[in-house]
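Residue numbers (my numbering): 1036 to 1283.
Heads up, the beta-carbon is just placed ideally off N, CA and C, and yes, glycines get one too.
Remember, predicted model here, so these are calculated numbers, not experimental data.
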């Protein structure tokens, strides 16, 4: 079988490792990290362009290395070639290996910010995406000094607490070790950040199972949505997360 993989670049190390094990021929297109921070319709437009381009070539299936990601895949259409994507709200499910494991950890460790090798080494977002990002457009990425300069001291304090202090609800960094790290330097970066913020730190083992099955063609319907040709992905506000849009 010949597949095309369109994936967020934060999975670069994991995908490169697993591609060597897949029984299929897979061509890869990595998309820049940060698409989930721009408006959903803009993310959708960019992914749709990649899907359309891949559909013009001779692939049996287009694989999507994404979760629903801030509804960025809601409305994505197949153009004559079936699509396959994991049933996941975001990438953390893919790093932890299942929705159930992510949900259990999320509820037992509230206020956790997750880090992986990909999140750390791909941390810089392209200027073009940064300008389009929702935090940039709403002023949420402004520093306290910039707020004071633009709005005055009293207003700046309020705006900082309500809009810009995005870390106020966090108290822990969890590093997900995927087994593809070159050394312990990325774990150390995550740990040092936790120390600097006076947060807790934990390292947990990741699970390549979902990503491995995505690339191997083992698409259990409980964990993956297979989108037939000329059908459309729709967000589903249940545990299934995504479904086929009805009526098309």
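Nearest Cα to residue 1077 within the set 1111, 1258, 1064 and 1065: 1111. Nearest neighbour of residue 1242 by Cα position, chosen from 1102, 1259, 1214 and 1055, turns out to be 1214. The bridge partners DSSP lists for residue 1100 are 1042.
The beta carbon of residue 1132 sits closer than 8 Å to those of 1241, 1242, 1243, 1244 and 1245, all from its chain and outside the five residues before and after it, given in chain order.
Between residue 1070 and residue 1102, the CB-CB gap reaches or exceeds 8 Å.
Of the candidates 1080, 1099, 1074 and 1068, the residue whose Cα lies closest to the Cα of residue 1038 is 1099.
If only complete runs of 4 or more residues are kept, the region 1208-1278 shows the alpha helix (DSSP H) at 1220-1232 and 1244-1251, in order along the chain. Assignment of residue 1119 by DSSP, reduced to helix, strand and coil, places it in the strand class. If you draw a straight line from the Cα of residue 1082 to the Cα of residue 1108, it is about 8 Å long. Residue burial annotation: residue 1146 is exposed, with fewer than 16 other C-beta atoms found within 10 angstroms of its C-beta. As computed with DSSP, residue 1205 is found in no beta bridge at all.
Between the alpha carbons of residue 1116 and residue 1262 lies a gap of roughly 9 Å. The Cβ neighbour count for residue 1264, taken over all protein chains shown within 10 Å, is under 16; the residue is labelled exposed.
Boundaries of the alpha helix (DSSP H) around residue 1140: 1134-1143. If you look at residue 1050, you'll find it isn't in any beta strand (DSSP E); it sits in the alpha helix (DSSP H) that goes 1047-1054.
Residue 1258 and residue 1234 have their C-alpha atoms some 33 Å from each other.
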